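Report on the following structure.
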Amino acid sequence: MHEASITEAMLNLALEYAKGQRISDVYLQVGRMSFVVPECVEFYFEHLSKGSLAEGATLHFETVPLEMTCTDCGRQADLSEWADEQPRAIMIEALARGCQCGSNKLRVTGGTGFHMVSLEVEAESNGKEKENEQ
Ligand SMILES: [Zn+2]
């Protein structure tokens, strides 16, 4: 399944970045056109991270809106008035209206990806060395 493989790739990347430290939080960006379902990613993450340093980490999802750009003049289309609609509907509306320059050659330039933005690791505890053993 789609989410299973991307979750596995994301988990491997997170573990690589964490360099052996325990991961507490993972920050992700999900494009509205990426067709990634956060609930599915969470489900697979919980399953795949078991026994790893990412087990129990919290996933934070940020939704990236659809972005369309005119290929003739380079202007970014203002899609804000359709923000609540489905991406497909937004694309249809935007193409129907076209660009301010009169062109209707708009292409999707954002909101299609799934990215790991950052992650947080648990603070290294030096407690053992500082413990007073009397
Ligand atoms: Zn244009």
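The sequence shown finishes on residue 153 if you use the working numbering, and the numbering steps up by one all the way, no holes.
Even glycine gets a Cβ: it sits at the ideal position worked out from N, Cα and C.
Bear in mind that the values here come from a model prediction, so they are computed numbers and not experimental data.
- Between ligand 1 and Asp91, a heavy atom-to-CB distance of less than 6 Å is present.
- Residue nearest to Glu58 within the set Ala108, Thr88, Thr77, Ala28 is Thr77 (criterion: CA-CA distance).
- Annotation: Cys118 is outside any beta strand (DSSP E) and is labelled neither H nor E by DSSP.
- Annotation for His79: Tyr46 place their beta carbon closer than 6 Å to its own, counting only its chain and skipping 5 residues before and after.
- Straight across, the Cα-Cα distance linking Gln48 with Glu112 is about 25 Å.
- For Leu78, no alpha helix (DSSP H) encloses it; the enclosing beta strand (DSSP E) starts and ends at 77 to 83.
- Buried is the label assigned to Glu22, since at least 16 other Cβ atoms lie within 10 Å of its Cβ.
- Taking C-beta atoms as the reference points, Pro106 and Arg41 fail to come closer than 7 Å.
- Distances from the alpha-carbon of Ser99 to those of Gly93, Cys92, Ala108, Asp91 put Ala108 closest.
- Ranking Thr131, Lys124, Ala28 by CA distance to the CA of Val60 puts Ala28 first.
- Looking at the backbone, the Cα of Asp103 and that of Val140 are separated by about 35 Å.
- Burial of Val55 is indicated by the presence of at least 16 other C-beta atoms within 10 angstroms of its C-beta.
- Excluding the 5 residues flanking it on each side, Val136 has same chain C-beta neighbours closer than 6 Å at Tyr46, Gln48, in chain order.
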